[in-house]
Amino acid sequence: NPQDIGKQKAGAAAAELIKEGMVIGLGTGSTAKRLIEALGERVKNGLHIVGAVPSSDETAAYAAQYNIPITNLDEHPELDIYIDGADEIDPQLRLIKGAGGALLREKIVATAAKRFVVIADPSKKVEQLGHKYPLPVEVVPLAVTPVKNRLARLGAQVAIRERNGQKFYTDSHNLVIDCTFPEGITDPTALDATIHSIPGVIETGLFINLAKQIIIGKPDGVEIYPQ
Ligand code: DER
Numbered sequence: 006n007p008q009d010i011g012k013q014k015a016g017a018a019a020a021e022l023i024k025e026g027m028v029i030g031l032g033t034g035s036t037a038k039r040l041i042e043a044l045g046e047r048v049k050n051g052l053h054i055v056g057a058v059p060s061s062d063e064t065a066a067y068a069a070q071y072n073i074p075i076t077n078l079d080e081h082p083e084l085d086i087y088i089d090g091a092d093e094i095d096p097q098l099r100l101i102k103g104a105g106g107a108l109l110r111e112k113i114v115a116t117a118a119k120r121f122v123v124i125a126d127p128s129k130k131v132e133q134l135g136h137k138y139p140l141p142v143e144v145v146p147l148a149v150t151p152v153k154n155r156l157a158r159l160g161a162q163v164a165i166r167e168r169n170g171q172k173f174y175t176d177s178h179n180l181v182i183d184c185t186f187p188e189g190i191t192d193p194t195a196l197d198a199t200i201h202s203i204p205g206v207i208e209t210g211l212f213i214n215l216a217k218q219i220i221i222g223k224p225d226g227v228e229i230y231p232q
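Offset between the sequence shown (1-based) and the UniProt record's numbering: plus 5.
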């Protein structure tokens, strides 16, 4: 379908940004998988990268299938580029991420990169964050109930994320509270700071002042901005 074609085109375009000898970071999700596939093709055709830091165990396993050399932030604390998808992208390039549950490691790896490029289909572009996707908040399990209650007091509709009827645990063995703000998020920066001030909160899915460029893939081509 057009969305999948768009993701594939955005992933392929992003793979072209990866140059010989780079150390890169790989995102998590279906669009990131399109990048990994395209990069795998280039590696097969002789591109040599020093290594890729994955943002999840899932991505590490997927990249290994394409013979992309895996490394870590101890070996390479500074990356040339990080490429990942997003759930929502606003006009100021602020993001909601974390539908795939990898938000903590994604934000760690994104922050380690000189350049964070987001790849997405047009459905991810929004005027205001919070209307299409909930905001994921990663929480230490022992604190999940008081944190859930405090997030509710901020006006969020809150739910502890489950997968197949079980509580979902992240790669880092934390829980995720999905926060829905029915009116949208008017001040993402303030909300991020408020949520981070709650003891037991590890990370939020608000990515502010991180993404440098966005590649939007459509069936008829890609647009990258800002140039
Ligand atoms: O969970 C995540 O952060 C993913 O990167 C998400 O933001 C995008 O996933 P998708 O490419 O499968 O839509």
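The beta carbon of each residue, even a glycine, is placed where N, CA and C say it ideally should be.
On a predicted model such as this, the values are computed, not experimentally measured, just so you know.
Non-local C-beta neighbours of Glu228 in its own chain, meaning closer than 8 angstroms and more than five positions away in sequence, comprise Ile220, Ile221, ordered along the chain.
Listed as beta-bridge partners of Leu211 by DSSP are Ile101.
Per DSSP, the beta-bridge partners of Leu84 are Ala118. In this structure, the straight-line span from the alpha carbon of Ile41 to that of Gly210 is close to 22 angstroms. Judged by pairs of C-beta atoms under 8 angstroms, the region 183-201 touches the region 136-144, as three or more such pairs exist. Annotated as distal: Val149 and Ile203, with beta-carbon spacing of 8 angstroms or more.
Placement of the Cβ of Ala107 at a distance of less than 7 angstroms from at least one heavy atom of the ligand DER is found.
For Ser35, the shortest separation between its Cβ and any heavy atom of the ligand DER lies below 7 angstroms. If you ignore the 5 residues before and after Val122, its C-beta comes within less than 7 angstroms of the C-beta of Ala19, Leu22, Ile86, Ile88, Lys217, Gln218, Ile220, all in its own chain and listed in chain order. For Thr185, the beta-bridge partners assigned by DSSP are Gln162.
For the options Pro187, Phe173, Glu93, the alpha carbon positioned closest to that of Ala161 is the one of Pro187.
Under DSSP, Leu180 shares a beta bridge with Val144, Tyr174.
Taking 7 angstroms as the cut-off, one finds no heavy atom of the ligand DER near enough to the beta carbon of Asp197.
The C-alpha of Gly90 is placed about 12 angstroms away from the C-alpha of Lys130. Taken from the Cβ of Gly103, at least one heavy atom of the ligand DER lies inside 7 angstroms.
Selection Arg158, Pro7, Val55 evaluated against Cys184 yields Arg158 as nearest (Cα-Cα).
Per DSSP, Lys223 lies in no alpha helix (DSSP H); the unbroken beta strand (DSSP E) holding it starts and ends at 218-223. Between the C-alpha atoms of Ser61 and Ala107 there is a straight-line separation of about 6 angstroms.
Closest by C-alpha distance to Leu98, out of Ile213, Lys223, Gln232, is Ile213. Under the three-state reduction of DSSP, Ala15 is assigned to helix.
Residue burial annotation: Asn50 is exposed, with fewer than 16 other C-beta atoms found within 10 angstroms of its C-beta.
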